[in-house]
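Visitor:
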Amino acid sequence: MAWSERSAVLFDLDGVLTPTAEVHMAAWAEMFGAYLAGVDTGRPGFEGADTSPYTDADYFAHVDGKPRYEGVADLLAARGITLPAGSPEDPPDAETVCGLGNRKNDAFTTVLERDGVRPYPGSVALLDHLRDLGVPLAVVSSSANAPAVLAAAGLTDRFVTVVNGRVAAALGLPGKPAPDTFLHAATACGAAPAEAVVVEDAVSGVRAGAAGAFGLVVGVDRGAGEDALRAAGADLVVADLGDLA
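The sequence shown runs 57 to 301 under this note's numbering.
What follows is the structure in structure tokens.
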């Protein structure tokens with residue numbers, strides 16, 4: 057990899073730099089598992105609901121890489137469940153899309169504060185290499201928790217900008233698989249998309265990189281599968297970013 061020829065590298069966070077995808081997966085499983093188990097299919101409007109147990113396949117198909125409320129809505133739609141959208145201010149016990157999303161966020165925060173998070177060694181090796189080359193770096197994450205995760209992992213000072221879910225909402229930027237958040241980060245780094253690299257582990261994120269016509273889209277296979285990442289638009293797929301350091 058001729059990293060010195062790139063004007064910026066834009067990283068997803070969860071599953072790329074830190075194994076917080078595992079924390080997110082656990083939080084989603086806890087929230088959806090409890091919710092689906094409690095759905096009464098005898099209620100009006102819920103007669104056709106699929107309340108079978110939530111699985112990792114549900115996460116990769118409907119939730120991975122998406123903004124939190126979109127992930128809730130997509131999973132519910134796949135299960136034949138329609139809830140009111142609600143608002144981001146809904147309490148976690150509200151039976152709305154936003155309420156369930158906030159319930160999941162509470163579970164994630166609890167796990168992060170209790171257990172912390174350590175970045176992938178290979179990812180840190182690549183960050184070190186890019187720092188030595190002077191390549192501007194950014195984080196582009198759908199998670200509103202990105203700043204807290206970076207702080208817990210000791211990585212905050214590595215990046216020119218962090219475009220997370222709250223930043224995207226404040227700027228009116230659509231989330232992945234739209235390319236807008238990556239394009240915003242590239243601009244903040246002073247790079248044209250064709251000169252920048254997107255590094256993603258989620259199919260929706262890879263699609264965002266491909267849609268933005270970035271110079272290179274690197275897929276990190278943490279479970280989505282090499283074939284799926286390449287089909288979504290990854291130019292290169294690796295199992296560990298240390299291979300590119």
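Each residue gets a CB set at the ideal place from its N, CA and C atoms; glycine is no exception. Here the structure is a predicted model, which is why all the values come from computation and not from measurement.
(1) Given Lys160, which residues of its chain have a CB within under 7 Å of its CB, disregarding the five upstream and five downstream residues?
(2) Which residue from Glu145, Thr107 and Leu156 puts its Cα closest to that of Arg135?
(3) Within 10 Å of its beta-carbon, does Glu145 have 16 or more other beta-carbons around it, so buried, or fewer, so exposed?
(4) Using DSSP with H/G/I as helix, E/B as strand and the rest coil, what is Asp70?
(5) Starting from the C-beta of Asp303, find all residues in its chain whose C-beta is less than 8 Å away, skip the five residues before and the five after it, and write them out in chain order.
(6) Mind listing, in chain order, the continuous beta strand (DSSP E) runs of no fewer than 3 residues lying wholly within the stretch 240 to 292?
(7) Considering only C-alpha positions, which residue in the set Gly89, Gly172, Val65 and Leu292 is nearest to Pro75?
(8) Do you know how far the Cα of Leu156 is from the Cα of Thr138?
(9) Using a Cβ-Cβ cutoff of less than 7 Å, which residues in the same chain neighbour Gly289 once the five nearest sequence positions on both sides are dropped?
(10) Compute the Euclidean distance between the alpha carbons of Arg286 and Val293, then round it to the nearest angstrom.
(11) Are the CB atoms of Ser63 and Ala247 within a distance shorter than 9 Å?
(12) Does the separation of the CB atoms of Asp296 and Val276 fall below 9 Å?
(13) Go through its chain and collect everything with a Cβ distance to Ala141's Cβ below 6 Å, but skip five positions before and after it.
(14) So, Gly279 versus Lys122, is the Cβ gap smaller than 9 Å?
(15) On the premise that Ala194 lies in contact with Ala241, defined as a C-beta separation below 8 Å, what is that separation, rounded to the nearest angstrom?
(16) Can you tell me whether Asp299 is buried or exposed? The criterion is at least 16 other CB atoms within 10 Å of its CB, across all chains shown.
(17) What first and last residue would you give for the beta strand (DSSP E) that runs through Ala194?
(18) Quick one, which of Ser197, Ser179 and Ala93 has its alpha-carbon nearest Ala105's?
(19) Just reading off the alpha helix (DSSP H) that Val218 is part of, what are its end residues?
(20) Beta-carbon separation of Leu206 and Leu69 under 9 Å?
Guide: With the given structure in hand:
(1) Ala83, Trp84, Met87 and Arg124
(2) Thr107
(3) exposed
(4) strand
(5) This structure cannot speak to residue 303, because the chain is shown only from 57 to 301.
(6) 252 to 256 and 272 to 276
(7) Gly172
(8) 13 Å
(9) Val262, Arg263, Gly265, Ala266 and Val273
(10) 7 Å
(11) yes
(12) yes
(13) Val153
(14) no
(15) 4 Å
(16) exposed
(17) Leu193 to Val196
(18) Ala93
(19) Careful: Val218 lies outside any alpha helix (DSSP H), inside the beta strand (DSSP E) at Thr217 to Val219.
(20) yes
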